[in-house]
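Written out below as structure tokens is the structure these notes cover.
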Amino acid sequence: MYYKYLLILVFILNVLLGIFVLLRDHKNQINVSFSLFVLSVAGWLSINFLSNQFTDYPRAFIFNKLIFLESPYISFALIYFSLVFPYSSFDIKIKHLILLIIPVFISNIFTMLNLTITGVNVVPGGVTEVTFGPAVAIWGFQFVAYILVSLFLLGKKYTITKGHQHTQMQYVFLGIALLAILGTVTNFAIPLLYNNFDASNYGPFLSLFVLGFTAYAILKHNLLHIKVIATEAVVVLLLIILFTKLFIYQSTGELILDTIIMGLVSIFGALLIKSVLEEIKQKENLASLNIKLQEMDDQKDEFISMASHELRKILTLLFPLMSMP
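Positions 1 to 325 (the UniProt record's numbering) are the ones given, in order, by the sequence shown.
In structure tokens form, the structure reads like this:
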């Protein structure tokens with residue numbers, strides 16, 4: 001039971017993170033690609049959970065096939081993100097994304113033809129076992145290749161970036177690397193090599209690495225410039241939980257208490273968001289002042305350099321005159 005509720009919580013957190021990052025700037029390729037990655041992970045979480053809920057063969061087979069249809073899009077979103085974060089190596093256009101998604105479509109075709117998985121063995125109360133087909137090699141090559149290229153690109157940018165960007169890259173790279181590597185091992189390598197599907201139960205929770213490291217980078221290092229959005233996400237999540245609790249009260253007193261708590265959370269949440277907005281505004285003002293001071297400092301240095309140069313020219317001209325009898 002706890003497994004089910006924890007999985008639902010992880011799913012909600014992934015969806016909220018993806019939506020709020022996208023709402024922050026839906027035209028920014030970094031925000032779009034990161035949202036696609038997080039939301040595709042959330043989709044995989046839900047399908048992975050549902051694949052073990054059905055004991056009848058047709059539905060169990062459909063949902064397990066959906067896992068292999070949906071998961072390549074995680075690798076696509078990840079390689080897209082690695083190309084644009086924290087800066088674009090080149091101008092990413094629609095034609096580049098089409099070229100990147102063609103191998104995903106090819107993998108999907110083989111899966112829809114029942115060549116990636118050929119059947120399932122339904123285990124009541126356990127993890128449904130999958131019978132792999134010949135095209136699982138194609139599926140695995142596309143997925144693993146995209147993951148490795150993504151990690152290479154992010155790792156390379158991590159070594160190049162400096163200062164604030166370097167710190168942001170550190171946490172994002174760690175979270176994504178742990179999810180990508182461990183998730184591939186638990187949900188693909190172990191089932192394929194050892195025919196053991198129990199480890200796939202833990203795969204969905206690996207997204208907590210991305211959530212945790214990204215949340216830290218957002219709050220501590222202003223990753224994606226969404227500190228306000230992150231605060232709003234936490235407040236909204238708390239309100240959703242409290243609102244849901246209103247429908248499962250056991251007494252009138254408990255209902256009144258939960259309503260009061262929800263009202264207080266709403267008030268303090270609004271105050272918290274307001275304070276974060278003011279903090280960010282102050283930081284932006286300070287940053288603007290620092291830029292102006294730097295410009296003034298540069299102008300001062302330029303003036304002193306020019307004045308000293310002109311003074312040397314004057315002294316050079318005067319010195320011969322002064323030395324004449």
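All residues carry an ideal CB built from backbone N, CA and C; glycine is no exception.
Local Cβ density within 10 Å of residue i, reported as buried at 16 or more and exposed below that
i: Ser308; result: exposed
i: Lys157; result: buried
i: Ser51; result: buried
i: Met169; result: buried
i: Ala270; result: exposed
i: Ala137; result: exposed
i: Phe143; result: buried
i: Ser207; result: buried
i: Tyr57; result: exposed
i: Phe110; result: buried
i: Gly133; result: buried
i: Thr244; result: exposed
i: Thr159; result: exposed
i: Asn290; result: exposed
i: Phe303; result: exposed
i: Phe197; result: buried
Under 9 angstroms between C-beta atoms of residue i and residue j
i: Ile94; j: Val84; result: no
i: Ala177; j: Leu151; result: yes
i: Glu129; j: Asn201; result: no
i: Phe205; j: Leu7; result: yes
i: Asn114; j: Lys162; result: no
i: Tyr80; j: Leu69; result: no
i: Leu174; j: Val10; result: no
i: Phe61; j: Val123; result: no
i: Trp44; j: Ile67; result: yes
i: Leu264; j: Val235; result: no
i: Lys4; j: Phe54; result: no
i: Leu36; j: Ser82; result: no
i: Ala199; j: Thr184; result: no
i: Gln165; j: Pro86; result: yes
Rounded distance between the beta-carbons of residue j and residue i, thought under 8 angstroms
i: Phe34; j: Val21; result: 6 angstroms
i: Tyr146; j: Leu78; result: 7 angstroms
i: Phe188; j: Gly140; result: 7 angstroms
i: Thr118; j: Val172; result: Incorrect: roughly 38 angstroms between the Cβ atoms, too far for contact.
Residue i - containing beta strand (DSSP E), residue span
i: Val130; result: Glu129 to Phe132
i: Lys120; result: Note on residue identity: the sequence assigns Val, not Lys, to residue 120. First-last of the beta strand (DSSP E) with Val120: Ile117 to Asn121.
Residue-level contact to chain B via CB, residue i, 9 angstroms cutoff
i: Phe141; result: Among the chains in the structure shown there is no chain B, since it carries only a single protein chain.
Endpoints, the alpha helix (DSSP H) within which residue i is located
i: Ile79; result: Tyr57 to Val84
i: Gln108; result: The sequence given here has Asn at residue 108, not Gln. First-last of the alpha helix (DSSP H) with Asn108: Ile94 to Met112.
i: Val41; result: Gln29 to Leu50
i: Gly203; result: Premise fails: Gly203 is in no alpha helix (DSSP H) and is neither H nor E.
i: Val136; result: Val136 to Ile160
i: residue 327; result: Past the edges of the chain, shown from 1 to 325, lies residue 327, and the structure says nothing about it.
i: Tyr194; result: Ile190 to Tyr194
Worksheet item: Is it true that the region 38-46 meets the region 68-76, where meeting means three or more beta-carbon pairs spaced less than 8 angstroms apart?
Response: yes
Worksheet item: Between the region 95-107 and the region 173-192, are three or more C-beta pairs nearer than 8 angstroms?
Response: no
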